[in-house]
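Residue numbers (this note's numbering): 919 to 970.
Glycine included, every Cβ here is placed at the ideal spot set by N, Cα and C.
Remember, it's a predicted structure, so these values are computed and weren't measured experimentally.
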Amino acid sequence: SGAELSELGSLIESGKLKVILDRTFPFAQISEALAYVESGRAKGKVVVSMDA
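If you want it as C-alpha coordinates, here you go:
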(Lines of atoms letter the chains of each structure in order from A and count residues from 1; the text may use other names and numbers.)
(Lines give C-alpha, C1' and ligand atoms only; values in the text may rest on other atoms or scores of the structure.)
Protein backbone atom coordinates (compact mmCIF):
# COMPACT_ATOMS: atom_id res chain seq x y z
CA SER A 1 0.00 0.00 0.00
CA GLY A 2 0.99 3.63 -0.19
CA ALA A 3 1.47 3.86 3.57
CA GLU A 4 3.79 0.85 3.58
CA LEU A 5 5.81 2.23 0.69
CA SER A 6 6.15 5.53 2.52
CA GLU A 7 7.32 3.72 5.65
CA LEU A 8 9.93 1.80 3.64
CA GLY A 9 11.17 5.07 2.15
CA SER A 10 11.52 6.56 5.62
CA LEU A 11 13.44 3.52 6.88
CA ILE A 12 15.83 3.69 3.93
CA GLU A 13 16.40 7.43 4.35
CA SER A 14 17.10 7.02 8.08
CA GLY A 15 19.61 4.23 7.42
CA LYS A 16 17.61 1.65 9.38
CA LEU A 17 17.01 -0.35 6.21
CA LYS A 18 19.75 -0.82 3.64
CA VAL A 19 19.17 -1.77 0.02
CA ILE A 20 21.89 -4.04 -1.31
CA LEU A 21 22.75 -3.34 -4.95
CA ASP A 22 24.61 -6.17 -6.62
CA ARG A 23 25.19 -4.83 -10.14
CA THR A 24 24.03 -2.16 -12.56
CA PHE A 25 23.65 -2.88 -16.27
CA PRO A 26 23.02 -0.35 -19.06
CA PHE A 27 19.77 -0.91 -20.96
CA ALA A 28 21.78 -2.12 -23.97
CA GLN A 29 22.84 -5.12 -21.84
CA ILE A 30 19.37 -6.10 -20.65
CA SER A 31 19.84 -9.68 -21.91
CA GLU A 32 22.99 -10.02 -19.84
CA ALA A 33 21.21 -8.56 -16.80
CA LEU A 34 18.39 -11.08 -17.09
CA ALA A 35 20.85 -13.95 -17.53
CA TYR A 36 22.75 -12.77 -14.44
CA VAL A 37 19.58 -12.73 -12.33
CA GLU A 38 18.42 -16.10 -13.64
CA SER A 39 21.83 -17.65 -12.91
CA GLY A 40 21.25 -17.18 -9.18
CA ARG A 41 24.56 -15.33 -8.70
CA ALA A 42 22.95 -12.01 -7.73
CA LYS A 43 23.33 -11.29 -4.01
CA GLY A 44 21.24 -8.12 -4.06
CA LYS A 45 19.20 -5.99 -6.43
CA VAL A 46 20.18 -5.85 -10.08
CA VAL A 47 19.50 -2.47 -11.71
CA VAL A 48 18.98 -1.77 -15.40
CA SER A 49 19.85 1.86 -16.12
CA MET A 50 17.74 3.75 -18.65
CA ASP A 51 20.32 6.55 -19.07
CA ALA A 52 20.73 7.76 -22.63
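Whether residue i touches residue j by CB criterion (8 Å)
i	j	result
Ile-938	Gly-962	yes
Same chain, Cβ closer than 7 Å to residue i, five either side skipped, listed in chain order
i	result
Tyr-954	Arg-941, Ala-960 and Val-964
With 16 other Cβ atoms within 10 Å as the buried cut-off, status of residue i
i	result
Ala-946	exposed
Among the options, the one whose alpha carbon lies nearest that of residue i
i	options	result
Ser-967	Gly-958, Glu-956 and Ile-948	Ile-948
Phe-943	Leu-952, Leu-935 and Lys-936	Leu-952
N- and C-terminal bounds of the alpha helix (DSSP H) containing residue i
i	result
Val-937	Looking at the DSSP string, Val-937 is not in any alpha helix (DSSP H), and its letter there is neither H nor E.
Ser-949	948 to 956
Beta strand (DSSP E) segment containing residue i, residue limits
i	result
Ser-967	963 to 967
Same chain only: Cβ atoms within 6 Å of residue i, ignoring 5 sequence neighbours per side
i	result
Leu-935	Leu-929
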